[in-house]
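Here the sequence shown stands for residues 22 to 394, where the numbers follow our numbering.
Every residue gets a Cβ at the ideal spot worked out from N, C-alpha and C, and that includes glycine.
Written below as structure tokens is the structure these notes are about.
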Amino acid sequence: MTVCEQARALFTAQFGTDPEGCWCAPGRVNLIGEHVDYAGGLCLPIALPQVTAVAVRRRTDNRLCLRSSGFDPVDLDLADRRADGWAAYVAGVVWSLDPPGFTGADIAVASDVPVGAGLSSSAALETSVALALAELCGLPTDTAGRDRLAAACVRAENDYAGAPTGGLDQRTALHARPGHALLLDFADGGAEHIPFDATTQGLTVLVVDTGTGHRLVDGQYGQRRREVEEATRLLGVTTLRDAPSPDPLADPVLHRRARHVTTEIARVQDAARLLRDGHLRELGPLLDASHRSLRDDFEVSCLELDTAVDAAVAAGALGARMVGGGFGGSAIALCETQRVADIERAVTAAAARRDLPAPTFLRATASGGARRC
Ligand code: ADP
Ligand code: MG
Numbered sequence: 022m023t024v025c026e027q028a029r030a031l032f033t034a035q036f037g038t039d040p041e042g043c044w045c046a047p048g049r050v051n052l053i054g055e056h057v058d059y060a061g062g063l064c065l066p067i068a069l070p071q072v073t074a075v076a077v078r079r080r081t082d083n084r085l086c087l088r089s090s091g092f093d094p095v096d097l098d099l100a101d102r103r104a105d106g107w108a109a110y111v112a113g114v115v116w117s118l119d120p121p122g123f124t125g126a127d128i129a130v131a132s133d134v135p136v137g138a139g140l141s142s143s144a145a146l147e148t149s150v151a152l153a154l155a156e157l158c159g160l161p162t163d164t165a166g167r168d169r170l171a172a173a174c175v176r177a178e179n180d181y182a183g184a185p186t187g188g189l190d191q192r193t194a195l196h197a198r199p200g201h202a203l204l205l206d207f208a209d210g211g212a213e214h215i216p217f218d219a220t221t222q223g224l225t226v227l228v229v230d231t232g233t234g235h236r237l238v239d240g241q242y243g244q245r246r247r248e249v250e251e252a253t254r255l256l257g258v259t260t261l262r263d264a265p266s267p268d269p270l271a272d273p274v275l276h277r278r279a280r281h282v283t284t285e286i287a288r289v290q291d292a293a294r295l296l297r298d299g300h301l302r303e304l305g306p307l308l309d310a311s312h313r314s315l316r317d318d319f320e321v322s323c324l325e326l327d328t329a330v331d332a333a334v335a336a337g338a339l340g341a342r343m344v345g346g347g348f349g350g351s352a353i354a355l356c357e358t359q360r361v362a363d364i365e366r367a368v369t370a371a372a373a374r375r376d377l378p379a380p381t382f383l384r385a386t387a388s389g390g391a392r393r394c
């Protein structure tokens, strides 16, 4: 059964009728450009083949009835404007989007995006809900419309779920195209679709889920954002994108944080150039440099991520780095496809040697954005 079929089946089992429709949106992995979205930077994600699907039927009594296998059922009143746990990611989108004429819905969710692994199951959920509401309520879903949906999903995650994420996840889930990476510009809102076909070049983007749930809401992510804001203020620029160098910063911590942001943005520009020229193999050293910068300057890596990255590179990956917010979650390794099995074995063995959870693997092929299914 596909994920969309699972959502429909859950809907029928839970609500005793058919949904009006089913929509899905992908998880994502960011090739490079980490912790720069909220600094006016550039990111270069691809959407994953894994999706979250929502089956939806509208109600007329201002209630939201939400079901997702493995999560507690939630029934709530639209007037409450408050939801806890996973319901905040769904109801938050309703409240921040405020679609015209919307008076409640039954929603069933199914997903094969790993949850809490830094692959953005949260945005996959938000954006599939947002697209469903937009199509049901007649909001535009062209490029500009999807930009507005992404913004509403960011507000949902920030204001209702309490996670201060910066927009990378939601924009990727809504705008990605199959066979393309997405160069996202967070200074001017621009997006460029760059062909990204690792498979035909004999390459695989291997995603390593360390099995250590990332701890995004625990304050570290917010603290990094505040440090970046402080560095931006002290350097007298609008965003760190405009800062020629972090050198004038006397505070050594803020200096390192700003150095990560400015060097990471430069690495994204280099990576985009390589992709445009079809030189995927040469991404490797940029991934390695990105990881070192996130580990040493931004200090958002952890033992599990460093272990996975080091083992992948030692086993022959062309490059590897942590992805997502950090402090757990996932890493990627750019691998010759024929070496993937060896690299997986090496990463698993390295985790076992340190008594860390057994990692799981998936292969990321650049997939499409939110759609009806
Ligand atoms: P990530 O986005 O990296 O997977 P987050 O902590 O940002 O991790 O989001 C995970 C949260 O999103 C879950 O704890 C849950 O509240 C919600 N969520 C994600 N996927 C689903 C789903 N299929 N069903 C219900 N809630 C989900
Ligand atoms: Mg998330």
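Chain B beta carbons: is any one of them nearer than 9 angstroms to that of residue i?
i: leucine 99; result: As a matter of chain content, chain B is missing from the structure shown, which is built from one protein chain.
Quick check on this structure: which residue in the options has the alpha carbon closest to the alpha carbon of residue i?
i: threonine 358; options: Pro40, Gly345, Ala385 and Ala370; result: Ala385
i: alanine 151; options: Ser132, Glu178, Val115 and Gly183; result: Val115
i: phenylalanine 207; options: Ala28, Tyr59 and Pro47; result: Tyr59
i: glutamate 320; options: Glu251, Ala370, Thr164 and Gln244; result: Gln244
i: histidine 56; options: Arg49, Cys64 and Val50; result: Cys64
i: glycine 113; options: Leu146, Pro135 and Val334; result: Leu146
i: valine 172; options: Leu157, Cys158 and Leu189; result: A quick correction: the sequence has alanine, not valine, at residue 172. Ranking Leu157, Cys158 and Leu189 by Cα distance to alanine 172 puts Leu189 first.
i: proline 199; options: Pro66, Thr81, Leu160 and Val134; result: Pro66
i: serine 311; options: Ile53, Ser142, Arg297 and Asp209; result: Ile53
i: glycine 183; options: Val228, Leu224 and Gly240; result: Gly240
i: cysteine 397; options: Ala212, Leu140, Gln35 and Val226; result: Any answer about residue 397 is impossible in this case: the structure gives the chain only from 22 up to 394.
i: tyrosine 242; options: Leu315, Ala370 and Trp107; result: Leu315
i: alanine 109; options: Pro135, Arg254, Arg176 and Gly223; result: Arg176
i: alanine 287; options: Val274, Gly166 and Leu204; result: Leu204
i: cysteine 25; options: Val289, Ser143, Thr81 and Thr73; result: Thr73
i: glycine 13; options: Pro40, Val111 and Ala202; result: Because the chain in this structure spans residues 22 to 394, residue 13 falls outside the shown range and cannot be described.
i: arginine 167; options: Gly211, Ala129 and Asn179; result: Gly211
i: glutamate 443; options: Asp291, Gly187, Leu304 and Pro94; result: Because residue 443 is not part of the residues shown, which for the chain are 22 to 394, the question remains open.
i: valine 228; options: Asp298, Pro135, Asp317 and His276; result: Pro135
i: glycine 106; options: Phe382, Gly257, Glu178 and His276; result: Glu178
i: glutamate 209; options: Thr260, Ala252 and Asp163; result: Per the sequence presented here, residue 209 reads as aspartate, with glutamate not at that position. Closest by alpha carbon: Thr260.
i: aspartate 39; options: Phe92, Asp82, Pro70 and Ile128; result: Ile128
i: arginine 169; options: Ala371, Arg294 and Thr148; result: Thr148
i: serine 141; options: Asp93, Ala370, Val344 and Ala252; result: Val344
i: cysteine 174; options: Ala144, Asp317 and Val95; result: Ala144
i: isoleucine 353; options: Ala371, Ala329, Ala335 and Ala370; result: Ala329
i: glycine 299; options: Glu365, Asp163, Ala335 and Gly223; result: Gly223
i: proline 94; options: Leu304, Val111 and Asp82; result: Val111
i: aspartate 318; options: Pro273, Pro70, Arg392 and Gly305; result: Pro273
i: aspartate 327; options: Arg247, Glu303, Thr369 and Arg297; result: Thr369
i: proline 380; options: Glu41, Thr81 and Glu365; result: Glu365
i: alanine 371; options: Ala387, Glu248, Ala335 and Arg302; result: Ala335
i: leucine 304; options: Arg313, Ser322, Leu275 and Leu339; result: Leu339
i: leucine 301; options: Thr220, Arg392, Arg88 and Glu41; result: Thr220
i: glutamate 41; options: Phe382, Val289, Arg297 and Glu156; result: Glu156
Using 8 angstroms for Cβ pairs, my map puts residue i next to residue j. What's the rounded Cβ distance?
i: leucine 154; j: leucine 97; result: Actually they are not in contact, since the Cβ atoms of leucine 154 and leucine 97 sit about 16 angstroms apart, beyond 8 angstroms.
i: glycine 61; j: arginine 262; result: 4 angstroms
i: alanine 68; j: alanine 194; result: 7 angstroms
i: glutamine 363; j: glycine 337; result: As written in the sequence, residue 363 is aspartate, which differs from the glutamine given in the question. Right, the Cβ-Cβ distance comes to about 7 angstroms (below 8 angstroms), so this counts as a contact.
i: alanine 138; j: serine 90; result: Their Cβ separation, rounded to whole angstroms, is 17 angstroms, which puts alanine 138 and serine 90 out of contact at 8 angstroms.
i: alanine 367; j: alanine 333; result: 7 angstroms
i: cysteine 394; j: cysteine 158; result: Going by Cβ atoms, the distance from cysteine 394 to cysteine 158 rounds to 19 angstroms, so no, they are not a contact pair.
i: phenylalanine 36; j: arginine 79; result: Actually they are not in contact, since the Cβ atoms of phenylalanine 36 and arginine 79 sit about 12 angstroms apart, beyond 8 angstroms.
i: phenylalanine 32; j: alanine 76; result: 4 angstroms
i: methionine 22; j: alanine 30; result: 7 angstroms
i: leucine 307; j: aspartate 331; result: That pair is no contact at about 17 angstroms.
i: proline 120; j: leucine 160; result: 6 angstroms
i: arginine 278; j: alanine 252; result: 6 angstroms
i: proline 185; j: arginine 254; result: Proline 185 to arginine 254, Cβ: 17 angstroms. No contact.
i: aspartate 7; j: glutamine 71; result: With the chain represented from 22 up to 394, any question about residue 7 goes unanswered, as that position is not in the structure.
Are there any heavy atoms of the ligand GTP lying less than 8 angstroms away from the beta-carbon of residue i, as far as the coordinates show?
i: tryptophan 107; result: Of the ligands one can find in the structure shown, namely the ligand ADP and the ligand MG, none is the ligand GTP.
Are at least three pairs of beta-carbons, each pair with one atom in the region 220-234 and one in the region 346-361, less than 8 angstroms apart?
yes
Sufficient close CB pairs (3 or more, under 8 angstroms) joining the region 361-375 to the region 205-219:
no
Would you check if there are 3 or more beta carbon pairs closer than 8 angstroms linking the region 186-206 to the region 43-57?
yes
Flag this pair as touching only if the region 122-138 and the region 88-107 have three or more C-beta atom pairs under 8 angstroms; answer yes or no.
yes
Contact the region 278-293 vs the region 249-267: 3+ CB pairs below 8 angstroms
yes
Any chance you could list the alpha helix (DSSP H) runs of at least 4 consecutive residues sitting entirely within the region 227-296, in chain order?
241-256
Threshold first: 3 residues or longer. Then list the beta strand (DSSP E) segments lying entirely within the region 120-189, N to C.
125-132
Could you tell me which whole alpha helix (DSSP H) segments of length 4 or greater appear in the region 187-214?
189-196
Please specify which runs of the alpha helix (DSSP H), each continuous and at least 4 residues long, are wholly inside the region 71-121, giving them in chain order.
108-118
Note down, one range per segment and in chain order, each alpha helix (DSSP H) of at least 4 residues found wholly within the region 314-384.
324-335 and 361-374
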